[in-house]
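Going letter by letter, the sequence shown gives residues 2 to 1016 in my numbering. Built from N, CA and C at the ideal position, the CB exists for glycine as well.
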Amino acid sequence: MKKLNLLAISIKTALFAGAFTASGFATAAEEDSVEQVERIEVTGSRITRAELEPTQPITVVDADFIKNRGFTNAADAVLDIPGVARGLTPTTAGEEGNSQALGQRTINLYGLGSQRTLTLINGSRFVSSVSPLGGGASGLQVDTNNIPMALIDRVDVVKAGGAAIYGADAVAGVVNYILKKDYEGAEFAADYKTVGDTGADEKSVRALFGANIGQGKGNVVFALEYNETDTIKTKDVASLADSVSSYTPVGDDVVLNPDGTQNKGQVKAIRNGRAGILSFSGLVSPGPLAITNRGLGAWNDGQFWQFDPAGNGGLVNYNPGNPTGNAVWASGGDGLDLAATTNAQVGSERYNLTAITNYELAENLNLNITAFSNRSDSSFSGYQASKYSSGAFGDTSAALKFNTSHPYLTQSSRDILEGYLGGQGDFYLHKGWVNLGVREIINEAVTNSIKVGLDGSFELLNDEWTWNVSYQKGASSVYNKGSSVSDHRFFAAMDVGINPNTNQLDCKFNYEPNYDDNLKANGFGLKGIESVLGKPGSCSPLNPFGDASEAAISYVNYNTTGKTKIEQDVFQAVMSGSLFELPAGNFETAFGYERRTEFGGYYSGGTGVLTGNADSSTEGEYVTEDVFAEIYLPIISSDMNIPLVNSLSLEASFRQIDNSRSGKDDVWAVGVNFRPTDDLVIKANVSETVRAPSVSELFQPVLEGTSFASDPCDQKHIGKGPSPDVRKANCAAQGIPGDFVGLAENASRSGFSGGNDLLKNEQAKTSNVGILYSPNWAKGLYLSVDWVKIDISDAIVSFELQDVMEACYDSTEFPNKFCSNFSREANFQLPANDAYRVGYVNAALRQFEAYEYSAQYVNELRNYPLAGSLLTDVPGELSFTLRAMNQKKNATSNTGFDFTDTTGQFNNPDWRSDFSIRYSLDDLHVFTDFDYQGRGVRNIDSKNDNDYLDLDGNPYSEIPSYTTFNMGAVYDLTDSISLRAKIDNVSDWQPKGLHRVVNRWMFGRSYSLGITVKL
2 MKKLNLLAIS IKTALFAGAF TASGFATAAE EDSVEQVERI EVTGSRITRA ELEPTQPITV
62 VDADFIKNRG FTNAADAVLD IPGVARGLTP TTAGEEGNSQ ALGQRTINLY GLGSQRTLTL
122 INGSRFVSSV SPLGGGASGL QVDTNNIPMA LIDRVDVVKA GGAAIYGADA VAGVVNYILK
182 KDYEGAEFAA DYKTVGDTGA DEKSVRALFG ANIGQGKGNV VFALEYNETD TIKTKDVASL
242 ADSVSSYTPV GDDVVLNPDG TQNKGQVKAI RNGRAGILSF SGLVSPGPLA ITNRGLGAWN
302 DGQFWQFDPA GNGGLVNYNP GNPTGNAVWA SGGDGLDLAA TTNAQVGSER YNLTAITNYE
362 LAENLNLNIT AFSNRSDSSF SGYQASKYSS GAFGDTSAAL KFNTSHPYLT QSSRDILEGY
422 LGGQGDFYLH KGWVNLGVRE IINEAVTNSI KVGLDGSFEL LNDEWTWNVS YQKGASSVYN
482 KGSSVSDHRF FAAMDVGINP NTNQLDCKFN YEPNYDDNLK ANGFGLKGIE SVLGKPGSCS
542 PLNPFGDASE AAISYVNYNT TGKTKIEQDV FQAVMSGSLF ELPAGNFETA FGYERRTEFG
602 GYYSGGTGVL TGNADSSTEG EYVTEDVFAE IYLPIISSDM NIPLVNSLSL EASFRQIDNS
662 RSGKDDVWAV GVNFRPTDDL VIKANVSETV RAPSVSELFQ PVLEGTSFAS DPCDQKHIGK
722 GPSPDVRKAN CAAQGIPGDF VGLAENASRS GFSGGNDLLK NEQAKTSNVG ILYSPNWAKG
782 LYLSVDWVKI DISDAIVSFE LQDVMEACYD STEFPNKFCS NFSREANFQL PANDAYRVGY
842 VNAALRQFEA YEYSAQYVNE LRNYPLAGSL LTDVPGELSF TLRAMNQKKN ATSNTGFDFT
902 DTTGQFNNPD WRSDFSIRYS LDDLHVFTDF DYQGRGVRNI DSKNDNDYLD LDGNPYSEIP
962 SYTTFNMGAV YDLTDSISLR AKIDNVSDWQ PKGLHRVVNR WMFGRSYSLG ITVKL
């Protein structure tokens, strides 16, 4: 009889529940019995137990798996698990807009939102450093950049609930990072990775030190890490170089319906979309509006002109590209190319220092201290132009009017324009001002946390009880630096003439008295002495038609700053033990108290006065006090010899949450574990849980921003939505004509959004049932299936312009409360400025349902059925692991009447799976991992086979599945030196055809090398 350590027990049972770990399988499979071992607290329960018997789906990932794969971030360790989605990442689409979320990483179980996944470290909360400002995530998500890779002992992923044990926010589940303790020795590790053919790389260096102190009474561990990730431009990624978009086709590109009619909702994929409303060098038009796809902006001979991109001020022909049925977007040409100035990956540098110490103060009394000090610097350079001027926009972003007498206009350009105008006259400039300097966003995120705890044990009721008391203080700050263009200085720098004092071309502000009288402001710290233009003489002239001087760039730009500050205080006391003994075992319980304070502060840099806005800084906090209890009730045990019942147990947990902002809520969970035989388990769990509104959702300042929107009353969209007839009737009731074309889809509108301090808790119900089978007749075989269902009500959502417009027109009640959140002009277009006011509300419903499957077989090669007889002399261990998730429902309603289930759509497929093959022989470990994403329809709401046309003009309705695979090897050169190598995307799969039509992209084949040295 062998003795099995606790980790092996945990891995065995977790694997039995559908888990996947990198080691421990063969050991776990060979055991016939288990001796009593140390009782510990496991994820999903605060009762200290010697066995892990979860009633929820659980996956365990251990340190060897993480090391062998060469992961350099804690999020990567779990992202291959079906049902685990990415939250924020450095490669998240649109990350360039998240000015205070650059480079951050969060985990998103079941795709229900990372704010509904509770990430823990050693079973405790950790302070969030995720700022919502600039488009970042809302909630208390943990940035996994703060978790030291060198210290991770294992990761427990427990799905479907958890709030009764750990408090609010554990809706989709819990991800618990368990760190090493009582470590002795020294360890150094380094990893280097190339990223496809982009020329970028990633470097990571880690060090771990540990020693016993006080004659073995205590232990101290230090972990240091450094990670550097390069910025990757979109143009350097093969599958992103030719951007693909879909727009209404024209002419021969139109595919008619079988009855000969044209489908108004039809769109065709095109390459290299360009917006024909401006150009980077400056589109020139005779009138204030230029939409080259419609011929607007052409001169009287039909020609379009722009200033020379070479910056010499001359005029050259503007190519409008190949027109589409969209008013703004063409294929190719010289229009605005947004893809030319974006990044595929945010660059960052990360520093982590972690210290853990424990010390036995007295018998059954221990002191524990865990401290983190982390810094992450991220940058996003070249994100779009600093300013845009176009007739499609309004206010200070409208097209600029100039006279041909302007001093900066070259003679050749003047001759061309006055030839059209018949002499001196006015013209308009539509330009994306990339020549005003690279727009760079820099984030400096600093996170510090310390937890001090006491724990011990004592005898009570003839059993050993454990207790722990802890206080944790965490603080994070995200300091954001960027730049913006001052409109006042921008216009003043182009308002030039001959300075009579110098006889040189100069800003009129520098020499005309009282030029800036109406720009002198009082308030916001200004005394009415100096205007936003600065002092006379400080202005540097700006050439609007050619290259800008460095002095002019410096004058019109100003630095912007912002800061997010998040603080967390947690006091917790827990006691666990056995109340009495039952025939099947001990009746065990745990109970405790927790008091948590969450503070958030959002501070502007005071530059709002430059754009006429007041200071938008705000801050707030809430306090939650929880009491909780948990029981474990063994009903039947194996030694009771009851036919068809090997064991039966019940567990239940309850927590009362009293939040100073959102009020009181009771959450609970009940689970059952039933073993008909010793190799078959049936488990089930039901719970009610909550998510509390975060400090960002409550107190985020109301800020001005911009948004695009596909107008529901647009002729392309009026026949869509949950009820097209309702939408058509409501649009008609407002008097909007059936052939209306909205501009907001292609020209952004400005509006306001912010927090809501009246939010209440989200409510959720979770259910899961699982069957686990590890047959005695097939040692090493593990099979499992889990059914999971999660229903969320009063979900907190940030209503954007698109949301409120759809909620307005898709409701049978019209007009309704959502209709007042936006406005229209007399021509039914949204105004360019102050078009909407939106923010966070308790309005959404979410419904999720899925099945998860797992199968694994691990054994010595010579013991494999059938093949084993042919491989009797071949040493080594071989394992196969298959995990899959079959999603049945993922429905969302932001209003309560418009449920949309996107299950089966290309971006939310029915099936996801991974398959791993691993072979181990002494000091060599080789692996291959396959990741599969199932096929999906292009649009779940599409009713016409001709709705979507591919790049060649052929109708399509489905996006095919795809599979990628990675492979690698680890070789223990000595007991102290381990080498590893890995190839990601071995086949160099690049999205093509229909995959590109939906903007899928992927880095090409990437190589990693790593080494670990133990001393």
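Check your understanding: In whole angstroms, what is the alpha-carbon distance linking Leu401 and Phe223?
Key -> C-alpha separation (whole angstroms): 60 Å.
Exercise for review: Return the Cβ separation of Val742 and Gln701 in integer angstroms, given the expectation that the two are a contact with Cβ distance under 8 Å.
Suggested key: With a Cβ gap of about 34 Å, Val742 and Gln701 do not count as contacting.
Practice item. Assuming Glu698 contacts Asn757 (C-beta within less than 8 Å), just tell me the rounded distance between them. Key: 7 Å
Practice item. Spatial neighbours of Tyr604 within its chain, please: CB distance less than 6 Å, with the 5 preceding and 5 following residues excluded, ordered by chain position. Key: Lys564 and Ser618
Review point. What are the boundary residues of the alpha helix (DSSP H) that Gly420 is part of?
Key: Gln412 to Leu422
Point to revise | Cβ neighbours of Tyr472 in the same chain (closer than 6 Å, five flanking residues each side left out) | key: Val453 and Phe572
Point to revise | At least three beta-carbon pairs within less than 8 Å, the segment 387-404 to the segment 271-291 | key: yes
Review point. Which parts of the segment 740-822 are runs of the beta strand (DSSP E), unbroken and 3 residues or longer, counting only runs that do not cross its ends?
Key: Listed in chain order, the beta strand (DSSP E) runs fully inside the segment 740-822 are 750-755, 763-774 and 782-799, counting runs of at least 3 residues.
**Study point:** For Pro635, three-class secondary structure by DSSP
**Key:** strand
Exercise for review: Kindly identify the DSSP beta-bridge partner or partners of Pro324.
Suggested key: Ala331
Review point. Whose C-beta lies closer than 7 Å to the C-beta of Gly722 among residues of the same chain, with five residues either side of it excluded?
Key: Pro713, Arg728, Glu807 and Asp811
Check your understanding: So, helix, strand or coil for Asn587, using DSSP?
Key -> Strand.
Practice item. From the DSSP output, in three-state form, read off Ser725 for me. Key: Looking at the sequence provided, one finds Pro at residue 725 rather than Ser. The answer is helix: DSSP assigns Pro725 an H, G or I state.
Check your understanding: By how many angstroms is the C-alpha of Phe849 removed from the C-alpha of Lys790?
Key -> 6 Å
Review point. Tell me which same chain residues have a C-beta within less than 8 Å of the C-beta of Asn558, skipping the five on either side of it?
Key: Ser387, Leu437, Gly438, Ser484, Ser485, Val486 and Ser487
Practice item. Would you identify the three-state DSSP class for Met1003, choosing helix, strand or coil? Key: coil
Check your understanding: Using the C-alpha atoms, what's the distance from Gly606 back to Phe525?
Key -> Because the pLDDT at Phe525 is just 38, under 50, the model does not fix this residue reliably, and the value given afterwards should be weighed accordingly. Just so you know, the alpha carbons of Phe525 and Gly606 end up roughly 11 Å apart.
**Study point:** Start-to-end residues for the alpha helix (DSSP H) that takes in Lys68
**Key:** In the DSSP annotation of this structure, the continuous segment of the alpha helix (DSSP H) that includes Lys68 starts and ends at Ala64 to Arg70.
Point to revise | Beta-carbon proximity of Ser124 to Thr44, cut-off 8 Å | key: Note on residue identity: the sequence assigns Gly, not Ser, to residue 124. Cβ distance < 8 Å, so Gly124 and Thr44 count as in contact.
Point to revise | Met150 - containing beta strand (DSSP E), residue span | key: First-last for Met150: undefined, no H or E at that position.
**Study point:** Member of Ser751, Tyr227, Ile554 and Val786 whose CA lies at the smallest distance from the CA of Val823
**Key:** Checking the sequence, you will find Phe at residue 823 rather than Val. Ranking the options by Cα distance to Phe823, first place goes to Ser751.
Check your understanding: For the 8 Å Cβ check, are there 3 or more pairs between the segment 304-316 and the segment 346-362?
Key -> no
Review point. In the DSSP assignment, what residue or residues form a beta bridge with Gly475?
Key: Ser450 and Gln569
Exercise for review: For the alpha helix (DSSP H) containing Ala493, list its first residue and its last residue.
Suggested key: Asp488 to Met495
**Study point:** Contact check, Arg919 vs Ala885, beta carbons under 8 Å
**Key:** no
Point to revise | the segment 350-370 / the segment 223-239 touching (three or more Cβ pairs under 8 Å) | key: Three or more pairs of CB atoms, one per stretch, sit closer than 8 Å, so the segment 350-370 contacts the segment 223-239.
**Study point:** Beta-carbon proximity list for Gly1005, same chain, < 7 Å, skipping 5 on both sides
**Key:** Here the set comprises Gly197, Asp198, Ala239, Asn986, Asp989 and Gln991.
Review point. Using DSSP with H/G/I as helix, E/B as strand and the rest coil, what is Tyr167?
Key: helix
Practice item. In the DSSP assignment, find the beta strand (DSSP E) that holds Glu551 and state where it starts and stops. Key: No beta strand (DSSP E) holds Glu551; the alpha helix (DSSP H) holding it covers Glu551 to Val557.
Exercise for review: Measure how close the beta-carbons of Asn887 and Asp911 come, nearest whole angstrom, since I'm counting them as under 8 Å.
Suggested key: 6 Å
Practice item. Let me know if Phe581 comes out buried or exposed under the rule of 16 or more other beta-carbons within 10 Å of its beta-carbon. Key: exposed
**Study point:** the segment 145-154 touching the segment 68-78, judged by at least three CB pairs closer than 8 Å
**Key:** yes
Check your understanding: Rounded to whole angstroms, how far is the Cβ of Gln142 from the Cβ of Val131, which I believe are closer than 8 Å?
Key -> 5 Å
Exercise for review: May I ask you to verify whether the segment 917-931 touches the segment 814-834, counting CB pairs closer than 8 Å and requiring at least 3?
Suggested key: Counting C-beta pairs with one atom in each stretch, the segment 917-931 and the segment 814-834 have fewer than three that are closer than 8 Å, which means they do not touch.
Practice item. Count the other CB atoms, across all protein chains shown, that sit within 10 Å of the CB of Phe459; report buried if there are 16 or more and exposed otherwise. Key: exposed
Check your understanding: Ordered along the chain, which non-local residues of its own chain (more than five positions away) have a Cβ less than 8 Å from that of Ala363?
Key -> none
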